[in-house]
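Student: The structure's right below; bear with me while I get my questions together.
Numbering (my numbering), first residue to last: 963 to 1252.
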């Protein structure tokens, strides 16, 4: 069945309120809802609902929810053909080598080399196939940090497809907590952990930021990796300091070159010291220690 995407743009704060309201309203029906940052500097965020069947009724419900929030937005429509776009796009992606890691889809299993740490990722609806400069940069940095420091446990905050959590489990053979605010991402992450035979080491949990008792139960962490965005990372600096073990390391990415100094300053203010920055494709991966 062809779906129709109903969508509109708004600011970050309003987008969060609207997304939460849509989640509550459409939870029982299981209709997919999306929230995407379109332009960070201009504060443009897009909220989407993928509707089946009576699209007019779905749009009317969206307008009612917006009205209940004292908001009004013009809602656009876009037909979505019944095509598995994820599978199609992954088939067109070349495998990625970053340090010892080889990130690939099922169609490239035969290209694995002896001695590589192969990670098979079927991204589904979650972010992170290893092809983005931030993910590849994290993989390179994590290999160096793990080799030097031998952490006993790790946290992958904002795990997406769990490529980084799987990498840590395969490389260090340590327990890894993989969390994400998106329930779809955590399901995909768990499936990928099973696919890569590290289910016993990687625990996936839906959790926004550090607001879940699992962090206290599993922490403090010898290593935290967070490939998110610069502004959320800066806001999370105090929580990072509370959950990292003394002498532990954090690896941060999702940061543009021009945002590097501001992120480092936020963490220096929490008694972290900058160790190294890795530049890749206009993005940076930062290693800090406390």
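In this text, a Cβ means the ideal position worked out from N, Cα and C, and glycines have one as well.
Which ranges does the beta strand (DSSP E) cover as unbroken runs of at least 3 residues, wholly within the region 1073-1150, from first to last along the chain?
Tutor: Listed in chain order, the complete beta strand (DSSP E) runs (minimum 3 residues) inside the region 1073-1150 are 1079-1082, 1116-1119 and 1138-1142.
Student: By the three-class DSSP mapping on this structure, what secondary structure does residue 1168 have?
Tutor: Taking the chain shown and counting its residues from 1, the one referred to as residue 1168 is at position 206. DSSP places residue 1168 in strand when its eight states are reduced to three.
Student: Does the region 1200-1207 come within contact of the region 1135-1144, defined as at least 3 CB pairs closer than 8 Å?
Tutor: No, they do not touch.
Student: Starting from the C-beta of residue 1234, find all residues in its chain whose C-beta is less than 6 Å away, skip the five residues before and the five after it, and write them out in chain order.
Tutor: The residue you call residue 1234 lines up with position 272 of the chain shown. The answer, listed in chain order, is 1250 and 1252.
Student: Between which two residues does the beta strand (DSSP E) harbouring residue 1008 extend?
Tutor: What you label residue 1008 is simply residue 46 of the chain shown in a count that begins at 1. 1006-1013 is the extent of the beta strand (DSSP E) around residue 1008.
Student: Of all the options 1027, 1034 and 968, which has the alpha carbon lying nearest to the alpha carbon of residue 1011?
Tutor: Stepping through the chain shown from its first residue, residue 1011 is reached at position 49. Checked all of 1027, 1034 and 968; the closest Cα to residue 1011 is 968.
Student: Rounded to the nearest angstrom, what separates residue 1014 and residue 1021 at their Cα positions?
Tutor: Counting from 1 along the chain shown, the entry for residue 1014 is found at position 52. Counting from 1 along the chain shown, the entry for residue 1021 is found at position 59. Their Cα atoms are separated by approximately 11 Å.
Student: So, under 8 Å CB-CB, residue 1102 and residue 993 are touching, yes? Tell me the CB distance rounded to an integer number of Å.
Tutor: Within the chain shown, residue 1102 is the residue found at index 140, counting from 1. Within the chain shown, residue 993 is the residue found at index 31, counting from 1. With a Cβ gap of about 39 Å, residue 1102 and residue 993 do not count as contacting.
Student: Any idea what DSSP makes of residue 1154, helix, strand or coil?
Tutor: Position 192 of the chain shown, counted from the start, is the residue given in the question as residue 1154. DSSP places residue 1154 in helix when its eight states are reduced to three.
Student: First and last residue of the beta strand (DSSP E) that includes residue 1173?
Tutor: Mapped onto the chain shown, residue 1173 falls at position 211. Note, residue 1173: premise wrong, no beta strand (DSSP E); not H, not E.
Student: For the alpha helix (DSSP H) containing residue 1162, name the first residue and the last one.
Tutor: As a position in the chain shown, residue 1162 is number 200, starting the count at 1. Premise fails: residue 1162 is in no alpha helix (DSSP H) and is neither H nor E.
Student: Do the CB positions of residue 1132 and residue 1218 come within less than 7 Å of each other?
Tutor: As a first step, residue 1132 must be located in the chain shown, where it is residue number 170. As a first step, residue 1218 must be located in the chain shown, where it is residue number 256. No, Cβ-Cβ distance for residue 1132 and residue 1218 is not below 7 Å.
Student: Go through its chain and collect everything with a Cβ distance to residue 1142's Cβ below 7 Å, but skip five positions before and after it.
Tutor: What you label residue 1142 is simply residue 180 of the chain shown in a count that begins at 1. Same-chain partners within the cutoff: 1120, 1121, 1122, 1148, 1151 and 1168.
Student: Nearest to residue 1110 by alpha carbon, out of 1246, 1242 and 1237?
Tutor: The sequence position of residue 1110 within the chain shown is 148, counting from 1. Nearest option by C-alpha distance: 1237.
Student: Given this structure, state the Cα-to-Cα distance separating residue 1107 from residue 1146, to the nearest angstrom.
Tutor: Taking the first residue of the chain shown as position 1, residue 1107 is located at position 145. Taking the first residue of the chain shown as position 1, residue 1146 is located at position 184. For residue 1107 and residue 1146, the distance between alpha carbons rounds to 29 Å.
Student: Decide if residue 1097 is buried, meaning its Cβ has at least 16 other Cβ atoms within 10 Å, or exposed.
Tutor: As a working mapping, residue 1097 is identified with position 135 in the chain shown. Buried.
Student: Is residue 960 helix, strand or coil by DSSP?
Tutor: Only positions 963 to 1252 of the chain appear in this structure, which leaves residue 960 out of reach.
Student: Just mark residue 1114 as buried or exposed, buried being the case when its beta carbon has 16 or more other beta carbons within 10 Å.
Tutor: Translated into positions along the chain shown, residue 1114 becomes position 152. When all chains shown are included, residue 1114 counts as exposed.
Student: At what residues does the beta strand (DSSP E) containing residue 1024 begin and finish?
Tutor: As a working note, residue 1024 is residue 62 in the chain shown. Per DSSP, residue 1024 belongs to no beta strand (DSSP E); it is in the alpha helix (DSSP H), 1017-1030.
Student: What is the residue span of the alpha helix (DSSP H) that residue 1195 lies within?
Tutor: Mapped onto the chain shown, residue 1195 falls at position 233. Note, residue 1195: alpha helix (DSSP H), 1192-1197.
Student: For residue 1244, which option in 1198, 1225, 1228 and 1216 has the closest C-alpha, if you only look at C-alpha atoms?
Tutor: The count along the chain shown starts at 1 and reaches residue 1244 at position 282. Minimum Cα distance to residue 1244 is reached at 1216.
Student: What's the gap between the Cα of residue 1161 and the Cα of residue 1125?
Tutor: Residue numbering aside, residue 1161 sits at position 199 when the chain shown is read from its first letter. Residue numbering aside, residue 1125 sits at position 163 when the chain shown is read from its first letter. About 13 Å.
Student: In this structure, how does DSSP classify residue 1041 when only helix, strand and coil are distinguished?
Tutor: Position 79 of the chain shown, counted from the start, is the residue given in the question as residue 1041. Three-state DSSP puts residue 1041 in a strand.
Student: Out of 1064, 1075 and 1100, which one is the CA nearest neighbour of residue 1083?
Tutor: The residue you call residue 1083 lines up with position 121 of the chain shown. Selected option, being the one with the closest Cα: 1064.
Student: Would residue 1232 and residue 1199 qualify as a contact pair, given that the criterion is a beta-carbon distance under 7 Å?
Tutor: The sequence position of residue 1232 within the chain shown is 270, counting from 1. The sequence position of residue 1199 within the chain shown is 237, counting from 1. Yes, the pair counts as a contact, with Cβ atoms nearer than the cut-off.
Student: Can you tell which of 1190, 1017, 1130 and 1173 has its C-alpha closest to the C-alpha of residue 1002?
Tutor: Working through the chain shown from its first residue, we reach residue 1002 at position 40. Nearest of 1190, 1017, 1130 and 1173 to residue 1002, Cα basis: 1190.
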